[in-house]
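Structure, as structure tokens:
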Amino acid sequence: MAKWCFSHGVALQRIETIPDDATTIAESALRLSAAYDFVVTSGGIGPTHDDITYSSLATAFGVPLVLHEGAYARMRRLAKPHKSQPNFDWTVDSEARRAKERMARLPLSGDGGEGREWKDQVLFPVEEL
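The sequence shown begins at 291 in this note's numbering and counts up by one.
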């Protein structure tokens with residue numbers, strides 16, 4: 291990610307590696323956002339219970355986690371079947387679907403993030419990974 295940023299003219303000022311700890315994530319996000327124009331996070335946003343980045347950021351900035359319909363629709367459109375869930379169905383309530391939905395619950399405020407196109411809210415769109 292750092293190489294990509296530098297090659298696209300983004301002058302990174304600081305890189306931190308932090309543990310999956312809600313207090314540490316919140317403290318780091320608040321401190322860095324006060325010091326820099328923008329902060330990029332990666333990791334900690336999967337479907338498992340220990341992926342706490344979004345909830346930690348929401349708590350840090352005092353905003354709710356909101357299902358972002360655009361992100362959820364994109365996830366449904368781009369998701370590939372997984373061998374561990376051969377009968378997965380997006381229309382059936384299940385632990386697997388709720389886990390996937392958690393990944394589209396974003397810390398949003400004000401207009402719910404709808405003021406910008408979803409593709410402009412992420413540094414690396416899925417198609418580029």
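Virtual Cβ for every residue (Gly too), placed ideally from N, Cα, C. In this text the structure is predicted, and so the values were computed from the model without any measurement.
Boundaries for residue 396: no alpha helix (DSSP H) harbours it, while the beta strand (DSSP E) harbouring it runs 395-397, taken from the DSSP string. Residue 307 counts as exposed, since fewer than 16 other C-beta atoms from the protein chains shown sit within 10 angstroms of its C-beta. Between residue 319 and residue 292, the beta carbon gap of about 18 Å keeps them out of contact (Cβ cut-off 8 Å).
No Cβ-Cβ contact shorter than 8 Å links residue 391 with residue 347. Per DSSP, the unbroken alpha helix (DSSP H) holding residue 368 starts and ends at 359-368. In this structure, 342 is the residue among 352, 342, 377 and 325 with its C-alpha nearest to the C-alpha of residue 314. Distance from the CA of residue 381 to the CA of residue 366, rounded to the nearest whole angstrom, comes to 10 Å. Going by beta carbons, residue 393 and residue 336 fall inside the 8 Å limit.
Taking a 10 Å sphere around the C-beta of residue 397, we find 16 or more other C-beta atoms and assign the residue as buried. Assignment of beta-bridge partners to residue 356 by DSSP yields 396.
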